[in-house]
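Sequential numbering from 1 applies to the first sequence in full-length UniProt numbering.
Read through the structure below, which is laid out as C-alpha cells, and then see the notes.
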Amino acid sequence: MNIVLQPPPVQFRFPSIHFTSPILRHHHHHHHVYKPPLFATAAATVSTSATTTTPPLSSQQQLSIENEEEEEDDAHEARNPRYDFSPLLEFLSAYSPSSSDTESSSPTQLDPTELRLAESYRAVPAPFWHSLLKSLSSTPSSISTAYALVTWLQKHNLCFSYELLYSILIHALGRSERLYEAFLLSQRQTLTPLTYNALIGACARNDDLEKALNLMARMRRDGYQSDFVNYSLIIQSLVRNNSIDSTLLEKLYGEIEADRIELDGQLLNDITVGFSKAGDVNRAFYFLSVIQGNGLSPKTATLVAVIAQLGNSGRTEEAEAVFEELREGGLKPRTRAYNALLKGYVKTGALRDAEDVVSEMERSGVAPDEHTYSLLIDAYGNAGRWESARIVLKEMEVNNVQPNSYVFSRILASYRDRGEWQRSFQVLREMKNNGVTPDRQFYNVMIDTFGKYNCLDHAMDTFERMKLEGIEPDTVTWNTLIDCHCKHGHHDKAEELFESMQKSGCLACTTTFNIMINSFGKQERWEDVKDLLGKMQSQGLLPNVVTYTTLVDIYGQSGRFKDAIECLEVMKSAGLKPSSTMYNALINAYAQRGLSEQAVNAFRVMRGEGLKPSLLALNSLINAFSEDRRDTEAFSVLQYMKENDLKSDVVTYTTLMKALIRVEKFEKVPAVYEEMLMSGCTPDRKARAMLRSALRYMKSALKL
DNA sequence: AGGAACTAGA
1 MNIVLQPPPV
11 QFRFPSIHFT
21 SPILRHHHHH
31 HHVYKPPLFA
41 TAAATVSTSA
51 TTTTPPLSSQ
61 QQLSIENEEE
71 EEDDAHEARN
81 PRYDFSPLLE
91 FLSAYSPSSS
101 DTESSSPTQL
111 DPTELRLAES
121 YRAVPAPFWH
131 SLLKSLSSTP
141 SSISTAYALV
151 TWLQKHNLCF
161 SYELLYSILI
171 HALGRSERLY
181 EAFLLSQRQT
191 LTPLTYNALI
201 GACARNDDLE
211 KALNLMARMR
221 RDGYQSDFVN
231 YSLIIQSLVR
241 NNSIDSTLLE
251 KLYGEIEADR
261 IELDGQLLND
271 ITVGFSKAGD
281 VNRAFYFLSV
291 IQGNGLSPKT
301 ATLVAVIAQL
311 GNSGRTEEAE
321 AVFEELREGG
331 LKPRTRAYNA
341 LLKGYVKTGA
351 LRDAEDVVSE
361 MERSGVAPDE
371 HTYSLLIDAY
381 GNAGRWESAR
391 IVLKEMEVNN
401 VQPNSYVFSR
411 ILASYRDRGE
421 WQRSFQVLRE
431 MKNNGVTPDR
441 QFYNVMIDTF
451 GKYNCLDHAM
461 DTFERMKLEG
471 IEPDTVTWNT
481 LIDCHCKHGH
491 HDKAEELFES
501 MQKSGCLACT
511 TTFNIMINSF
521 GKQERWEDVK
531 DLLGKMQSQG
541 LLPNVVTYTT
551 LVDIYGQSGR
561 FKDAIECLEV
571 MKSAGLKPSS
581 TMYNALINAY
591 AQRGLSEQAV
601 NAFRVMRGEG
611 LKPSLLALNS
621 LINAFSEDRR
631 DTEAFSVLQY
641 MKENDLKSDV
651 VTYTTLMKAL
661 IRVEKFEKVP
671 AVYEEMLMSG
681 CTPDRKARAM
691 LRSALRYMKS
701 ALKL
C-alpha cells in the first residue's frame, strides 16, 4: 500500500521484509542514515543491521503490522521511531504467565534480565503495542504469544490503556473458538464498551447467543450502547443455526432503533436475510426497500434468500420479480438464484414453470446442480410422474452429478404423502442400484412412511435394519417410532419405546414430550401428563406452542374446558403467541360437544388476535352448528367462506350434509353433494357414506 | 440454498 509511496522513518524493521523487496530495502537504508536508534540496551539489542535475529513472525504478519502503523504515521510521521520487538517476542514465546503475575506481584521479585528488557521498551507509544498485538492475534498459532504480551505489558505497566489490548485479544480468542479464555480475560477488569463489544462479538461468532444477548442486556444496563457489528454477528449466528424467528428479530431491531444504532449496508443485508429465513417476507421486503432507498444495492445472497422465502410461501410472482431485479442490477443469476426460483414453482406445484426455469438455465449456460435436479425430482414426484423423475435421475448420471440419499428421501416422502407406502421397497432398491447408501434421514422417512399407514412391523424392521447397518437412531427416529404407535392406539408399546429411548442414552426433546403428553392425554392419564410436564422442566426443556396446543386439545376433547383455557392463558403469560392451530383445537373441542356459542366465541377471540380464519377453523364452526342442530347458521358459514374467497373442501360439504341429517332435512342432502362436485371437490369415502345414509333415511321415511 | 418427528375437522 503506502509503503512504497510514503516511506516511513525506518529504523528497525523486521528483516525479512527488507530483503523481499529491493524498493523497501532502498528506503530502509535511505532513512537509516539520519535516524539514529532510539534506544539500545543489553536486553533489547537494537540492531541496525539486517542480520537481526528472525522474530517468530511470518512475513504476512509483518506486513499487517506495517499497514497498521502506516495509518498511525499520517499524523506524526516524523516523530515516530520503529522498534525492534524481536527480543521481546523471543522472550515471550518461552514465557508462560501465571495468574499471580497479573497484578499482585511486584517487579522487585523479578529477574533482572526481564526488568532490563521491560525498561528498554518503556518509551514505546501505545499504538505500537496495539499493532503488534493485532498482528500476533491474526494467526491462531501466535495467539498464546499475544496473550503473554498483554499479561507482560500489564505486569510492567508499559501501556496505559488496557481495554483496547483486551478487546483485540478477546476478539482474536473468539475467532479461534477460545471463548472460555476470552471470558477469563474479560474478568480481569470491569467491562468497558470496548471489551463488552469484543466479548459479545466473540460469543456471537461461537454461536453462544444466550451469553451474547445477556451481555448486550448487561451492557445496556451499564448505560452503554452495543456496536452495530454485534447485531450483524448475532443475526448471522441465528441464521447459521436456523434458529431465527421473527419475534426475536423484531426485538433486536427494536433495540437497534431505540438506540439509534447505525444501520450499515451489512447490517441491513443481515436483517433482510434474517427476516427472510424467519419466514417474514413482508418485513424482508421492507428492509430490501430500505437498502435501495439508501442508494445501496442488496447483496446477491440477500436477494436469493428473499426469492427462496417467497417461493416457500408460494408467492412465485414476487419471487420472479425479485429475480428480474437481480438481473437488472447487472448481475448474472447463477445456479443458486435459479434454484431459489425453482423451489417456489415446485412448492406450488407449477410443474410447467419449473420445467421452464430449468430450460432457461440451460439456455443461459448455467449448469444445474444436485439441488436443481432434486427439486425437479420433487416436482415430478409430487405430480405422480415417477417416470419423469427417473429420467431426471438418468440425466444426473449423464451430467456427472451424483444422486444422493437426499434425492431418494424426497422421492420416498412424496410417495408417502400420496399414500403409496408400498413403493418404499422399490425406492430403496433403486437407490442401492445407483450406489447410494441410505442415511439416517432416509431411514427416518421410511419409518415414518410405514408408521403413517399402520405398517408398524415394517417400521420396527426398518428401525432394526438401520441399527444393523451401523446408523444410530437419533431423537427424530425415536419420536417417529413412538408417535406412529400412538397414532394407531398402541399406547403401551409407545410408552415402552419411550423407556427404551432413554435407556439407549438418547435424550428426550420437547417433541418427544409433546408426543407422550398427547399419548397420556388421549388415555386421560392426567396425573401422568402433569408428571411429564414436571420432568420436562427438570430437564431444562420449555413447553412450546405445540405443547400448549396439545394440552388444549387433550383437555378440550375430554370436556375439561377450564383446564384448556387455563393452558391458553399460561401460554400467553409465558410470552408465546397462540397460533391458529391452537384456536382450531379449542373450536374443535367445543364443536364436538355441540357448544356452538362457545365455538363462535373462540373464533371471535381468534379473529381479534389478528389470526386469519383457516379452513380448519371454519369447518369446525360448521361442525359446531351441525352438532347444535343449527343448520341455517352452518350454511351461513359456507356463505362466509364464499364471500371471503376461502376454498371449501370435502370436509366442508360432508359436515354440511351431516348438519342436514341432524335436523332430518334428508331431501336437501343430494343438492349439497351436487354442489360439492360442482365446486371441484373429489368425494371420498366419508362423503359418499354421508350421502348414502341420507338416501337410506329418505327411503325408510317413505316406507312409513 | 436443501431432506426427518410433535398440535388439527367429517
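Even glycine gets a Cβ: it sits at the ideal position worked out from N, Cα and C.
Three-state class that DSSP yields for residue i in the structure shown
i	result
His485	helix
Asn197	helix
Met698	helix
Ser648	coil
Leu110	coil
Ala204	helix
Thr581	helix
Val273	helix
Leu611	coil
Asp417	helix
Ile661	helix
Lys535	helix
Lys522	helix
Asp562	Note on residue identity: the sequence assigns Lys, not Asp, to residue 562. Helix at Lys562.
Phe442	helix
Close beta carbons around residue i, own chain, < 7 Å, minus the five adjacent residues each side
i	result
Tyr555	Asp563, Ala564 and Cys567
Tyr590	Gln598, Ala599, Ala602 and Ala624
Ala634	Ile622, Phe625, Ser626, Leu656 and Ala659
Ala182	Ile170, Leu173, Gly174, Leu199 and Ala202
Asp628	Gly594 and Ser596
Asp101	Below a pLDDT of 50, predicted positions are generally treated as unreliable, and Asp101, at 44, falls in that range; the measurement from the model is reported next regardless. These residues qualify, in order along the chain: Thr151 and Lys155.
Ser176	Pro140 and Ile143
Pro107	Residue confidence is low: Pro107 scores 49 on pLDDT, short of 50, so the model does not pin down where it sits. No coordinate-derived value is stated.
Cα-Cα separation between residue i and residue j, rounded to whole angstroms
i	j	result
Leu456	Ser424	14 Å
Asn619	Ile377	34 Å
Arg336	Pro578	35 Å
Leu169	Leu542	36 Å
Leu179	Thr195	13 Å
Thr190	Leu199	12 Å
Asn230	Gly254	15 Å
Glu114	Ile291	55 Å
Leu136	Gly293	41 Å
Lys686	Met516	30 Å
Arg352	Lys503	50 Å
Ser131	Ala278	40 Å
Ser120	Pro127	17 Å
Asn644	Gly575	31 Å
Ser226	Leu89	34 Å
Ala146	Leu133	6 Å
Val304	Ala321	12 Å
Leu532	Ser573	21 Å
Sequence-distant residues of the same chain with beta carbon closer than 6 Å to residue i, five excluded per side
i	result
Leu238	Ile244
Arg283	Phe275
Ser297	Gly329
Beta-carbon gap between residue i and residue j smaller than 8 Å
i	j	result
Pro438	Ser414	no
Arg122	Leu158	yes
Thr652	Met690	no
Thr477	Gly451	no
Leu341	Ala319	yes
Ile411	Gly381	yes
Ile261	Ile235	no
Ala148	Tyr95	yes
Thr300	Leu326	yes
Leu615	Leu646	yes
Tyr548	Met582	yes
Ser580	Leu611	yes
For residue j and residue i, believed in contact at Cβ under 8 Å, the rounded distance
i	j	result
Gly559	Arg593	6 Å
Thr372	Tyr338	7 Å
residue 705	Leu586	With the chain covering only 1 through 704, there is no way to say anything about residue 705.
Other residues of its chain near residue i: CB distance less than 8 Å, five sequence neighbours each side excluded
i	result
Tyr697	Ile661, Glu664 and Phe666
Gln523	His491
Val637	Leu618, Leu621, Ile622 and Phe625
Tyr166	Val150, Leu185, Ser186, Arg188, Gln189, Leu194, Thr195 and Ala198
Leu497	Trp478, Leu481, Ile482 and His485
Gly314	Gly344, Lys347 and Thr348
Heavy atom of the ligand COA within 7 Å of residue i beta-carbon
i	result
Ala413	For the structure depicted, the ligand COA is absent and the ligand set is empty, with no information on it obtainable.
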